[in-house]
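Trainee:
In the working numbering, the protein residues as written are 319 to 616.
#1: Assuming residue 489 is part of the beta strand (DSSP E), what are its boundary residues?
#2: Starting from the C-beta of residue 381, find all residues in its chain whose C-beta is less than 6 Å away, skip the five residues before and the five after it, and write them out in chain order.
#3: Using CA coordinates, which residue listed in 472, 374, 439 and 389 is at the minimum distance from residue 397?
#4: Quick check: residue 605 and residue 430, are their CB atoms within less than 8 Å of each other?
#5: Can you name, in chain order, every residue of its own chain whose Cβ lies under 8 Å from the Cβ of residue 591, other than the five neighbours on each side?
#6: Could you name each continuous beta strand (DSSP E) segment of 3 residues or more that falls completely within the stretch 523-594, going from the start of the chain to the end?
#7: Return helix, strand or coil for residue 467, following the three-state DSSP convention.
#8: Here's a check: name, in chain order, each residue in its chain whose Cβ is nearer than 6 Å to the Cβ of residue 540, leaving out the five neighbours to either side.
#9: On a CA-only basis, which of 578, 482 and 436 is nearest residue 464? Give me that one, please.
#10: Roughly how far, in whole angstroms, is the beta-carbon of residue 321 from the beta-carbon of residue 383, given that I think they are within contact range, below 8 Å?
#11: Between the C-alpha atoms of residue 575 and residue 523, what's the straight-line distance to the nearest angstrom?
#12: Taking contact to mean at least 3 C-beta pairs separated by less than 8 Å, is the stretch 485-504 in contact with the stretch 552-570?
#13: Please report the straight-line C-alpha distance between residue 612 and residue 475, rounded to a whole angstrom.
#14: Exposed or buried, residue 373, counting other C-beta atoms within 10 Å across all chains shown (16 or more means buried)?
#15: Would residue 534 be called buried (16 or more neighbouring beta carbons within 10 Å of its own) or exposed?
#16: Can you find the residues in the same chain that come closer than 6 Å, C-beta to C-beta, to residue 543, ignoring five residues on each side of it along the sequence?
#17: When DSSP labels each residue in this structure, what does residue 358 get in the three-state scheme?
#18: Pop quiz: residue 407 and residue 399 are said to be a contact at Cβ under 8 Å. What is the actual Cβ separation, rounded to whole angstroms?
#19: Got a sec? Which residues, its chain only, sit under 6 Å from residue 448 by beta carbon, not counting five neighbours each side?
#20: Where does residue 613 fall in DSSP's three states?
#21: So what does residue 381 bridge to, in DSSP terms?
#22: Determine the burial state of residue 511: buried for a count of at least 16 other Cβ atoms within 10 Å of its Cβ, exposed for fewer.
#23: Is it buried or exposed, residue 423, if we count other Cβ atoms within 10 angstroms and call 16 or more buried?
#24: What did DSSP end up calling residue 410 once you bin it into helix, strand or coil?
#25: Taking a contact to mean a Cβ-Cβ separation below 8 Å, would you say residue 428 touches residue 442 in this structure?
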């Protein structure tokens with residue numbers, strides 16, 4: 319039976335005898351997870367089987383495991399790991415890779431690849447993405463190794479500074495822009511979004527990096543390389559905002575771009591910085607722009 323480690327800790331030596339429930343409440347664990355641990359958890363103290371009623375002492379080694387609610391198959395994958403510790407795994411996701419299995423795609427998603435990596439490196443963790451990227455958007459993804467860490471990101475209201483590299487069609491004027499257009503689901507579509515006053519607030523800051531004219535055998539196309547700083551995290555936010563501005567992402571045929579020069583939306587999650595919710599360390603991570611985007615601006 320596959321299990322994932324939820325808690326693995328040495329109780330502080332100066333802690334007096336405490337109930338299991340009291341120790342667990344101090345670990346940033348949601349009420350729902352505490353309930354699952356109590357009803358379904360596999361618990362050991364100092365490598366000996368224990369129950370919810372076992373008393374815990376200073377210096378004890380406490381481990382709690384659960385059977386994952388959803389088990390995915392394992393798929394070998396060449397992961398570009400940017401950062402890893404006992405709590406989180408940060409990956410530069412390739413374009414074309416789904417975050418997790420769907421009803422029609424069961425294998426070769428990032429979840430399948432990460433779980434395979436855990437098995438190969440003898441880590442007993444599960445897949446808990448802190449945020450998500452579209453299938454055809456490349457770049458930085460943060461994965462919590464346990465639900466406890468994922469909950470800690472939410473409980474501490476962790477603020478992420480997220481910046482994307484994007485290439486839009488056309489020659490965008492070289493002035494900084496701030497777009498404050500609300501975004502909502504487009505009527506009649508379960509996928510497409512659009513700018514609407516009835517939508518949720520969305521802010522994107524845009525800085526122009528450079529311009530390029532791409533010349534092929536029978537045409538030429540102007541492109542603008544921009545950096546987008548997100549202040550909110552709406553679905554398709556950058557794609558919708560630049561399209562509404564009149565400069566759709568290259569390759570984004572859902573929002574007005576063309577596939578003549580690149581076969582996916584030219585969007586890359588390039589930089590992220592945040593306070594680690596477990597260690598409070600300030601992390602600044604970056605991922606190089608992939609080759610298919612570089613070719614449009616070189």
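Glycine included, every Cβ here is placed at the ideal spot set by N, Cα and C.
Small disclaimer: the values here were computed from a predicted structure and weren't measured.
Mentor: Result, derived from the coordinates:
#1: From DSSP, residue 489 is part of no beta strand (DSSP E); its letter is neither H nor E.
#2: 326 and 362
#3: 439
#4: no
#5: 478, 479, 600, 601, 602 and 603
#6: 538-548 and 585-593
#7: helix
#8: 488, 489 and 531
#9: 436
#10: 4 Å
#11: 20 Å
#12: yes
#13: 35 Å
#14: exposed
#15: exposed
#16: 485, 527, 528 and 615
#17: helix
#18: 7 Å
#19: 460, 462 and 471
#20: helix
#21: 326 and 362
#22: buried
#23: exposed
#24: strand
#25: no
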